[in-house]
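J.:
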Amino acid sequence: MAALVLALAPAKAATIEEELRLLIDTHPQLQATRKAIASAGEATKGALAGYYPKISITGDHGLEYVDTPTRRETNKEPYLRGRETAGLTVTQKLFDGFATPATVAATRLNQRTAEITLESVRQTVLLEGATAYLNVLRQSALVDLAKNNEKNIQTQLSLEDERVRKGSGIAVDVLQSKSRLQLAKERRVSFEGALEDSRSRYQQVFDRAAEFGSMKDPQPATSLLPSALEEAIAIALKENPAIDSGDTAIQAAREKRRVARAGYYPTISLEGKANYEDDKNATIGVRRDWSLLLKANWDLFSGFSTPAAVAQASFDYAGAKDNLDYVKRKVAEATKIAWQALLTSRERVQLLENAVNIASEVWDSRKKLREAGKATVIEVLDAENEIYSAQINYVNASYDARAAIFQLLQAMGRLDLDVIDKGT
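In the numbering used here, each residue's number is its place in the sequence shown (first place is 1) plus 5.
1. Output yes or no for whether 8 Å exceeds the beta carbon distance between serine 296 and lysine 278.
2. Spatial neighbours of leucine 132 within its chain, please: CB distance less than 8 Å, with the 5 preceding and 5 following residues excluded, ordered by chain position.
3. Which class does lysine 17 belong to by DSSP, given the choice of helix, strand or coil?
4. Opposite serine 61 in the DSSP bridges: which residues?
5. Answer with buried or exposed for tyrosine 207, where buried requires no fewer than 16 other C-beta atoms within 10 angstroms of its C-beta.
6. Could you check what DSSP says for arginine 292 in three-state terms: helix, strand or coil?
7. Any idea if glutamine 345 is buried or exposed, counting beta-carbon neighbours within 10 angstroms, 16 or more meaning buried?
8. Output needed for glutamate 120: all residues of its chain with C-beta closer than 7 Å, excluding positions within five of it in sequence on either side, in chain order.
9. Between the C-alpha atoms of leucine 68 and glutamate 89, what's the straight-line distance to the nearest angstrom?
10. For asparagine 157, does the three-state DSSP call read helix, strand or coil?
11. Are the CB atoms of isoleucine 425 and isoleucine 21 within a distance shorter than 8 Å?
12. Under a three-way DSSP split, which group does phenylalanine 320 fall into?
13. Is the segment 354 to 367 touching the segment 180 to 195 in the sense that three or more CB pairs, one from each, lie closer than 8 Å?
14. Give me the residue from Asn362, Leu142 and Ala37 with the minimum Cα distance to glycine 218.
15. Confirm, please, whether the CB-CB distance from alanine 241 to glycine 418 is below 8 Å.
16. Indicate whether asparagine 302 and threonine 272 have their beta-carbon atoms separated by less than 8 Å.
17. Let me know if serine 307 comes out buried or exposed under the rule of 16 or more other beta-carbons within 10 Å of its beta-carbon.
18. Hey, is the segment 113 to 129 in contact with the segment 380 to 395, meaning 3+ C-beta pairs nearer than 8 Å?
19. In terms of residue numbering, what span does the alpha helix (DSSP H) encompassing lysine 243 cover?
20. Can you find at least 3 beta carbon pairs, one from the segment 37 to 52 and one from the segment 72 to 79, that sit closer than 8 Å?
21. I'd like to check one pair, alanine 406 with serine 319: are the Cβ atoms closer than 8 Å?
22. Can you name the start and end residues of the beta strand (DSSP E) that glycine 277 belongs to?
23. DSSP three-state label for glycine 67, please.
24. Quick one: Cα of tyrosine 70 to Cα of threonine 288, how far?
25. Nearest to alanine 189 by CA position, among Ala111, Leu25, Val148 and Glu282, is which residue?
26. Can you list, in chain order, the residues of its chain with a C-beta nearer than 7 Å to that of serine 274? Leave out the 5 residues immediately preceding and following it.
27. Does histidine 66 pass the burial test, meaning 16 or more other C-beta atoms within 10 Å, or should it be called exposed?
28. For glycine 308, name the three-state secondary structure that DSSP assigns.
29. Determine the contact status of alanine 430 and threonine 340, defining contact as a CB-CB distance below 8 Å.
30. From the DSSP output, read off the bridge partner residues of glycine 87.
31. Alanine 3 and glycine 251: beta carbons closer than 8 Å?
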């Protein structure tokens, strides 16, 4: 009997794997994260610019007017003549206190963080989609159960009403049956409302309506689950993207501290210049000059901004380490919760399957006794209600078990399309 309960949910063509495959290609959060990776890549290119020379060209052309005291003392007319200038400057940074390599390393780590975030968001979206998919199937199955229960009560009510008209039934039993029928209708309405809510959730996640005719119950890859909680936690602490992200954040903070410490060092650069001047500054004729200089600059005092920046970066580094410790605790907690949810739901499924079978046998016996006039219709309805309650709990436990598998795989950092519906 229990094995037939989940068959109430539709099972046809499009699988959860196919639905989720399309979801991860189009989900806005994943699209945004992919763009964040591209943005981080451009930031890395910008940081690499610190290794290359900078080339600048200047020039001007036009009239120049000069009237100085010297010209007036010598009775010279004000100078008014066209002028032209051009200049080329090439600057190659040779040393900047290791700021450039540290900046490049930090931007690459930021790009790595964005890539890790993509995997984390990907698994979160997969879990969100799988949960939404399961909830539609769950609520659909519960609605079908409620409809069947309502139909059965209506049948029993009609039979009892017929017995009363023939003088062999009890009128109060008919009234109680009608009361049970109203309660059954109320449960059906409640489940139908929950089904609509699950469909709304599905619409939000997948950006399209759920099609019952193309949905079927997934069978997660239970063969990938560890045999012990300790093993699951060890895997999670090694493979969960949040752990990798926290570790990368520590490395990035370390590099940013190196960038801040660069303020203690001088900057050294090689600068080449070439200039061309024609009739500039009241000097008639052409002037050409060039230079190749090794330049150094060292800020001996910067208003304590450098030590403040170093202290800030050091606090950020220490904070990143503390945050990783917290993330490890949260990952371990999530793994434990998912593990216990899986154990609990599996045990409930076994117990409720037996409960459905036993309740079905009791109902069959009550029904036969009623036909023989040795039981009341209320006793029959009570027996049927036990089946109904056990079936509801069985359906919920069955879907809870599937959801717990997905949650555990995500906590371990192993939730992927290949394990969504490949169970053995």
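Glycine included, C-beta positions come from ideal geometry on N, C-alpha and C.
T.: If we stick to the structure as given:
1. For the purposes of this step, residue 296 is taken as residue 291 along the sequence shown, with counting starting at 1. For the purposes of this step, residue 278 is taken as residue 273 along the sequence shown, with counting starting at 1. In this structure, lysine 278 lies closer than 8 Å to serine 296 by Cβ.
2. Taking the first residue of the sequence shown as position 1, residue 132 is located at position 127. Result list for leucine 132: Phe411, Gln412, Gln415 and Leu420, in chain order.
3. The residue labelled residue 17 in the question sits at position 12 within the sequence shown. Residue placement at lysine 17 is poorly supported in this model, since its pLDDT is 41, which falls under 50; the coordinates are not used for a value here.
4. Along the sequence shown, one-based indexing puts residue 61 at 56. The partner list for serine 61 (beta bridge, DSSP) reads Thr94.
5. The count along the sequence shown starts at 1 and reaches residue 207 at position 202. So tyrosine 207 ends up on the buried side.
6. Against the sequence shown, residue 292 aligns to sequence position 287. Strand at arginine 292.
7. As a first step, residue 345 must be located in the sequence shown, where it is residue number 340. Per the 10 Å Cβ criterion, exposed.
8. Against the sequence shown, residue 120 aligns to sequence position 115. The answer, listed in chain order, is Ile42.
9. In the sequence shown, the residue the question calls residue 68 occupies position 63. In the sequence shown, the residue the question calls residue 89 occupies position 84. One C-alpha to the other measures close to 9 Å.
10. Along the sequence shown, one-based indexing puts residue 157 at 152. Reduced to three states, the DSSP call for asparagine 157 is helix.
11. Here residue 21 refers to the residue found at position 16 when the sequence shown is read from its first residue. Here residue 425 refers to the residue found at position 420 when the sequence shown is read from its first residue. Going by C-beta atoms, isoleucine 21 is nearer than 8 Å to isoleucine 425.
12. Residue numbering aside, residue 320 sits at position 315 when the sequence shown is read from its first letter. Helix, per DSSP.
13. no
14. As a working note, residue 218 is residue 213 in the sequence shown. Nearest option by C-alpha distance: Leu142.
15. Sequence index remark: in the sequence shown, residue 418 carries index 413 (1-based). Sequence index remark: in the sequence shown, residue 241 carries index 236 (1-based). Yes; because the gap between Cβ atoms is below 8 Å, this pair is in contact.
16. Counted from its first residue, the sequence shown places residue 302 at position 297. Counted from its first residue, the sequence shown places residue 272 at position 267. Yes, the pair counts as a contact, with Cβ atoms nearer than the cut-off.
17. As a working mapping, residue 307 is identified with position 302 in the sequence shown. Flag for serine 307 reads exposed.
18. no
19. Locating residue 243 in the sequence shown gives position 238, counting from the first residue. Where lysine 243 is concerned, the enclosing alpha helix (DSSP H) stretches over 234 to 244.
20. no
21. The sequence position of residue 319 within the sequence shown is 314, counting from 1. The sequence position of residue 406 within the sequence shown is 401, counting from 1. No, the Cβ-Cβ distance between serine 319 and alanine 406 is not below 8 Å.
22. The residue labelled residue 277 in the question sits at position 272 within the sequence shown. Element bounds for glycine 277: 272 to 285.
23. Within the sequence shown, residue 67 is the residue found at index 62, counting from 1. Of the three classes helix, strand and coil, the one that applies to glycine 67 here is strand, per DSSP.
24. Translated into the one-based positions of the sequence shown, residue 70 becomes position 65. Translated into the one-based positions of the sequence shown, residue 288 becomes position 283. When rounded, the distance between both Cα atoms is 12 Å.
25. For the purposes of this step, residue 189 is taken as residue 184 along the sequence shown, with counting starting at 1. Closest by alpha carbon: Val148.
26. Here residue 274 refers to the residue found at position 269 of the sequence shown. Only Thr96, Gln97, Lys98, Leu99 and Lys300 meet the Cβ criterion.
27. In the sequence shown, counting from the first residue as 1, residue 66 sits at position 61. It is exposed - the Cβ of histidine 66 has fewer than 16 other Cβ atoms within 10 Å.
28. Taking the first residue of the sequence shown as position 1, residue 308 is located at position 303. Glycine 308 falls in the coil class under three-state DSSP.
29. Residue 430 lies beyond the stretch modelled for the chain, which goes from 6 to 429, so this question has no answer here.
30. Translated into positions along the sequence shown, residue 87 becomes position 82. In DSSP, glycine 87 forms a bridge with Leu68.
31. Any property of residue 3 remains undetermined from this structure, which presents the chain solely from 6 to 429.
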